[in-house]
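J.:
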Ligand SMILES: Cc1ncc(COP(=O)(O)O)c(C=O)c1O
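Residue numbers (the working numbering): 1 to 414.
1) Taking Cβ to Cβ, would you say residue 338 is nearer than 8 Å to residue 315?
2) Quick check on the DSSP output: the alpha helix (DSSP H) that includes residue 129 runs from which residue to which?
3) So, under 8 Å CB-CB, residue 131 and residue 139 are touching, yes? Tell me the CB distance rounded to an integer number of Å.
4) On the DSSP bridge assignment, give the partners of residue 30 in chain order.
5) Between which two residues does the beta strand (DSSP E) harbouring residue 194 extend?
6) Where does residue 67 sit, in a helix, a strand or coil, going by DSSP?
7) Apart from the five residues just before and just after residue 421, which ones in its own chain have a Cβ nearer than 6 Å to its Cβ?
8) Any idea what DSSP makes of residue 260, helix, strand or coil?
9) So residue 151 is in the beta strand (DSSP E); what residue range does that whole segment cover?
10) Hey, how far is the Cα of residue 260 from the Cα of residue 89?
11) Measuring only the C-alpha atoms, how far is residue 358 from residue 403?
12) Go ahead and label residue 272 buried or exposed: buried means 16 or more other beta carbons lie within 10 angstroms of its beta carbon, across all protein chains shown.
13) Within its chain, find whatever has a CB closer than 6 Å to the CB of residue 208; leave out the 5 residues flanking it on each side and keep chain order.
14) Is residue 100 near ligand 1, going by C-beta to nearest heavy atom under 7 Å?
15) Reducing DSSP to helix, strand and coil, say where residue 267 ends up.
16) Determine the DSSP secondary structure at residue 308, reduced to helix, strand or coil.
17) Would you kindly check if the distance between the Cβ of residue 268 and the Cβ of residue 129 is under 8 Å?
18) Give the DSSP bridge partners of residue 243, in chain order.
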């Protein structure tokens, strides 16, 4: 069974993967610009990750959540060491959605309030609880019932399509009504936000985050930073909060945290929040020892091989290379490290959204050329380009050459 109702094209069945390249069952090679759904940040099947997981396989695999393993504790300590100072406790679960649901419970129990504000365009998972704070109607409909009224959307920064004017004159007008929204919802426990929104790669300017952070703090509203996709080097910093100097009260992570071995996610918070937590979350497979050992090896690999610096550098390289195409369908190029992609338009001056059919054909053309990508964005017109952080300039050149061909061919109707 495939989980999507909208067409996503023929699946690629992967038989082997190494570094930034995956090989399907027919022997066709693809440059993987999805990093296995933004998981394999150090590249597929990195030998250090395989070695750590293999060592752990001979020691212990899984214990009760009431106890623990050395592997999970080592990973927890490393995450706390590397993360924002405000956070000193880590709790493991099995997926990003679950880590966000735990974050919501923590915030509600601590503040004794019920409501959570989420950003327009925000994505926090598709399980029923995380869907409550995921913005897109396309996803919310999948609940099959009206979602609760405890949570509400607040404005996000979509600067390319800003209705108030160019970036140079920005006064963060999109947040003018934020305090009034909070005032009208005194039961607000927290704001949950991706620091850089992954759907479309929307990175707010510093002043947007400054204002959001000031406004929510003034009302004692907690910040839950969802780093499921942005964390572990993806944006060119270990965590995206570092770009803005944010100190969230709760932070979540997942995806690459397992090093690609099984599934692992985490919710981190301060002692103060955890002290009064009265329970309600015991994921059976949370903190699996093999996933934890592999995740720790991935983090050390990112640091040892300077892959986070490479992500920052390759993000800039990708941006320059994409703009250099001077293609009339490229409306915006947005990379924060290696998170983001390209927004396609049929008319640059008017920023007219390129039709879904053309976008799908471009994706298929790229697949045929051995480029594995996904489509994203609020309007479904962004090419999401998030390879492993080890990607090289030569591989980006290969992709950009393929993109040039795809854009020319689809525009010509061939
Ligand atoms: C920002 C963000 N939060 C939460 C999730 C949900 O994670 P999972 O699919 O592991 O439940 C995702 C997954 O794409 C995500 O990108």
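By construction, the Cβ of each residue, glycine as well, lies at the ideal position given by its N, Cα and C atoms.
T.: According to the structure shown:
1) In the chain shown, counting from the first residue as 1, residue 338 sits at position 338. In the chain shown, counting from the first residue as 1, residue 315 sits at position 315. Contact: yes.
2) Here residue 129 is taken as the residue at index 129 of the chain shown, counted from 1. First-last of the alpha helix (DSSP H) with residue 129: 128-131.
3) Locating residue 131 in the chain shown gives position 131, where the first residue counts as 1. Locating residue 139 in the chain shown gives position 139, where the first residue counts as 1. Going by Cβ atoms, the distance from residue 131 to residue 139 rounds to 6 Å, so yes, they are a contact pair.
4) Position 30 of the chain shown holds residue 30. Answer is 22.
5) Here residue 194 corresponds to residue number 194 of the chain shown, with the count starting at 1. Start and end: 188-194.
6) As a working mapping, residue 67 is identified with position 67 in the chain shown. If DSSP states are grouped into helix, strand and coil, residue 67 belongs with coil.
7) Shown here, the chain extends from 1 to 414; a query on residue 421 therefore has no answer.
8) Mapped onto the chain shown, residue 260 falls at position 260. Note: residue 260 maps to coil in three-state DSSP.
9) Locating residue 151 in the chain shown gives position 151, counting from the first residue. In this chain, the beta strand (DSSP E) harbouring residue 151 covers 151-154.
10) For the purposes of this step, residue 260 is identified with residue 260 of the chain shown, where counting begins at 1. For the purposes of this step, residue 89 is identified with residue 89 of the chain shown, where counting begins at 1. Whole-angstrom Cα-Cα distance: 23 Å.
11) Against the chain shown, residue 358 aligns to sequence position 358. Against the chain shown, residue 403 aligns to sequence position 403. So the two alpha carbons sit approximately 13 Å from each other.
12) Taking the chain shown and counting its residues from 1, the one referred to as residue 272 is at position 272. Residue 272 counts as exposed, since fewer than 16 other beta carbons sit within 10 angstroms of its beta carbon.
13) Walking along the chain shown from the start, residue 208 turns up at place 208. Excluding its 5 nearest sequence neighbours in each direction, residue 208 has C-beta neighbours in its own chain below 6 Å: 157, 172, listed in chain order.
14) In the chain shown, counting from the first residue as 1, residue 100 sits at position 100. Residue 100: yes, Cβ under 7 Å from ligand 1.
15) On the chain shown, position 267 is the one that residue 267 refers to. Judged by DSSP in its simplified three-state form, residue 267 adopts strand.
16) Within the chain shown, residue 308 is the residue found at index 308, counting from 1. Helix at residue 308.
17) Translated into the one-based positions of the chain shown, residue 129 becomes position 129. Translated into the one-based positions of the chain shown, residue 268 becomes position 268. It is not a contact, given that the beta carbons lie outside the stated cut-off.
18) Residue 243 sits at position 243 when you count from the first residue of the chain shown. Partner(s): none; residue 243 has no beta bridge.
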